[in-house]
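So in this note's numbering, the last spot in the sequence shown is 613, and the numbers never skip.
Quick reminder that beta carbons are idealized off the backbone N, C-alpha and C, glycines included.
What you are looking at is a predicted structure, and each value in this text was computed from that prediction instead of being measured.
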Amino acid sequence: MNARTETVLSLIVLAGASLVAGCGVNQHSGFQNAFLPPAARHTPIDLDLDRPPIVEPNVYIKDVPGFLVTAPQMPPRPTRGDLKVDDAERHFAAGKQAYGSGKFDAARAEFDLAIDAMLEASDLNPADRAGYERQMDQMVDAIHSYDLEALGASDTSEAGRFDKAPLEDILQMTFPVDPKIKARVLDQMAATVSQLPLSVTDAVLGYVSYFSTRGHSTITVAMQRSGRYRPMIKRVLDEEGVPQELIHLAQAESGFLPRAISPARASGMWQFMAFRGAEYGLQRTAYTDDRLDPEKATRAAARHLHDLYNMFGDWYLAIAAYDCGPMTVQAAVERTGYADFWELRARGELPIETTNYVPIILAMTIMEKNAAAYGLDQVQMDPPLEYDTVELTALTSLPLIADVTDTSAPELAAMNPALLSTLAPAHYAVHVPKGSGPRLTAALGLIPAEHRASWRLHRVVAGETLATIGTRFGVSAASLLESNRLPNHAAVEGDLLAIPAAARPAPVLWRTAPRRGVAGRTGAHGASHMASAAPSHRAPATRRASSKLHASAGPRAKQAGPAAAAQRPTRKPTMLVAHATGK
31 MNARTETVLS LIVLAGASLV AGCGVNQHSG FQNAFLPPAA RHTPIDLDLD RPPIVEPNVY
91 IKDVPGFLVT APQMPPRPTR GDLKVDDAER HFAAGKQAYG SGKFDAARAE FDLAIDAMLE
151 ASDLNPADRA GYERQMDQMV DAIHSYDLEA LGASDTSEAG RFDKAPLEDI LQMTFPVDPK
211 IKARVLDQMA ATVSQLPLSV TDAVLGYVSY FSTRGHSTIT VAMQRSGRYR PMIKRVLDEE
271 GVPQELIHLA QAESGFLPRA ISPARASGMW QFMAFRGAEY GLQRTAYTDD RLDPEKATRA
331 AARHLHDLYN MFGDWYLAIA AYDCGPMTVQ AAVERTGYAD FWELRARGEL PIETTNYVPI
391 ILAMTIMEKN AAAYGLDQVQ MDPPLEYDTV ELTALTSLPL IADVTDTSAP ELAAMNPALL
451 STLAPAHYAV HVPKGSGPRL TAALGLIPAE HRASWRLHRV VAGETLATIG TRFGVSAASL
511 LESNRLPNHA AVEGDLLAIP AAARPAPVLW RTAPRRGVAG RTGAHGASHM ASAAPSHRAP
571 ATRRASSKLH ASAGPRAKQA GPAAAAQRPT RKPTMLVAHA TGK
């Protein structure tokens, strides 16, 4: 076989092999597909199913405390006022503990600190002002209840005489209206010029009728007494920018008695409670109480009334708030929506005493401004008080001051009603009879400062010897010689001798405690007083109409005025003899 033939045969063999391989692959593919199901056609299926229920992530979540499922919130940071309230609570708790142990002096000290802290807190803006006011009310009420039980307000011992304020018994009474006076009063009001707005209602007419008849002496006696303080009060009211007619609040509060007090311990001519007085700068010490100082208390009252007017924008509401407290009036306004005194009165939203307090003041104003029509033009007012003022440099006894000024200790006490005993502290501005100030300043220089609380001064009169003088004052003639270094070892008429008397406890001129039998705190300032009301210048709103009492200095001190002075033997004025020397 030649080469060409071999080549042809090789090509034929390769072509046949290729054909056989291709047929084999196709057969295998057909074999596999024969055992598979036909491909399914995809057609949309419409299923009518209910919406699946909403399942809570945790069916017990409602039982889990809120602080576990909410982000924690930090409590607000306490203010400085809140911290002061905390201090007050600690002092109050300490006071209760001391009270329970029978340590009444310690209890009173802690209670005073508690009230002081609450007053400071008010100026430091506590976060919850309403809560602060409620807490203040509760604390004052609680301390007052302790006072009544054992701390002194119910003490029945008499250290001086107490008189009820003239209007005490009528503040809860109403009077019939005399139809004959209505037209006359309306005409008078129309012709009256007054800084205080005047209104004539049946309540006002009832009090005009009462004060014109059986209550006439109540008006005339207070008017007579007011002469002592009227120029000062009018000056202060003018300086503080409040109506002059507000002088009648002092008449309603105390009858112009500077030492009037109530069972709830509201004190002074303007009847301030201690905490309210402190807000307006009336301080208390072991020796003095500024609430009893007529001028200081008048200025505090004028500023308080000015603040109340700014708060309510109405003088009648301001006067009502002065009586029962701003929170009481504010609560009544918020409950009713009426910022009108007469509307609140008609709805019975104010204490009964307060509902009559404003009409009484309006009646007094109308009557005094038409004095001739009511027989008041014939009232002879007491002359205004005139005095010199000397600032003391050491603790000084009133008897020592009386020795120099030719007055009695009770007379000096009447001129200085803020003094709580016969001792006046250093830096106290003591009032002495007009013209005696320079003499007092010179005489006090004869007594060593450390002895002015006990030593006396005595001017020698004819016939006296060191022995008789010593017997009178309870000291020896030898001590008189030693203290005064007298020439010739004898007293000469006209000499001013220093009497080295031993120090004794200072007698109390008055105490803020009514006698048994006067009206006490019976749970209602009026028939339906709001217990949550914040007290104003005087007692909390839950008290009954207060019995304002006058404490005079000694059993017959009220008569120890010019008449008593006239009964004393007069002394011939002599020059001071500065024989005394300090030891």
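Going by DSSP, residue 529 is part of the beta strand (DSSP E) stretching over 526-529. Residue 492 holds the alpha-carbon nearest to the alpha-carbon of residue 524 among 497, 492 and 498. Note that the C-beta distance between residue 425 and residue 453 is below 9 Å. Per DSSP, the continuous beta strand (DSSP E) segment holding residue 487 begins and ends at 486-489. Around the beta carbon of residue 457, fewer than 16 other beta carbons lie within 10 angstroms, which makes this residue exposed. Residue 476 and residue 316 have their C-alpha atoms some 26 Å from each other. Burial state of residue 402 is exposed, judged by a 10 Å Cβ sphere holding fewer than 16 other Cβ atoms. The alpha-carbon separation between residue 334 and residue 297 amounts to approximately 15 Å.
Residue environment for residue 256: buried (at least 16 other C-beta atoms within 10 angstroms of its C-beta). The beta-bridge partner set that DSSP reports for residue 314 consists of 319. For residue 387, there is no enclosing beta strand (DSSP E); the residue is part of the alpha helix (DSSP H) that begins and ends at 382-399. Under DSSP, residue 519 forms no beta bridge with any residue. Apart from sequence neighbours up to five positions away, the residues of its chain that approach residue 234 with a beta-carbon distance below 7 Å are 389, 392 and 393, ordered along the chain.
At a Cβ-Cβ threshold of 9 Å, residue 151 and residue 207 do not count as neighbours. Per DSSP, residue 418 lies in no alpha helix (DSSP H) segment; the continuous beta strand (DSSP E) that holds it begins and ends at 417-421. In terms of Cβ geometry, residue 418 and residue 468 form a close pair [threshold 9 Å]. Segment contact: the region 247-254 against the region 217-230, fewer than three CB-CB distances shorter than 8 Å; contact not assigned.
One Cα belongs to residue 440, the other to residue 378, and the distance between them is close to 46 Å. The continuous alpha helix (DSSP H) containing residue 115 extends over residues 110-130. Residue 131 sits exposed, since fewer than 16 C-beta atoms from the chains shown fall within 10 Å of its C-beta. One alpha carbon belongs to residue 444, the other to residue 528, and they sit about 26 Å apart. Here the C-alpha atom of residue 279 lies approximately 39 Å from the C-alpha atom of residue 133. At a Cβ-Cβ threshold of 9 Å, residue 267 and residue 277 count as neighbours. In this structure, the alpha-carbon of residue 509 lies about 39 Å from that of residue 289.
Rounded to the nearest angstrom, the gap between the Cα atoms of residue 384 and residue 283 is 12 Å. Under DSSP, residue 426 shares a beta bridge with 454. With distances taken between CA atoms, residue 427 lies nearest to 460 out of 359, 143, 460 and 218. Here DSSP, grouped into helix, strand and coil, assigns residue 291 to strand. For residue 299 against residue 330, the beta-carbon gap comes to about 11 Å, at or over 8 Å, which does not count as contact.
For residue 461, the uninterrupted beta strand (DSSP E) segment begins and ends at 459-463. Across the structure, residue 503 and residue 488 are spaced so that their CA atoms are roughly 10 Å apart. In this structure, residue 306 lies away from residue 314, with their beta-carbon atoms at least 9 Å apart.
With a cutoff of 9 Å on beta-carbon distance, residue 396 and residue 168 are scored as not near each other. Annotated three-state conformation of residue 152 is helix, per DSSP.
In this structure residue 447 touches residue 323 by the C-beta definition: roughly 7 Å separates them, less than 8 Å.
In the same chain as residue 216, and ignoring 5 residues on each side of it, the C-beta atoms closer than 7 Å to its own belong to 230, in chain order.
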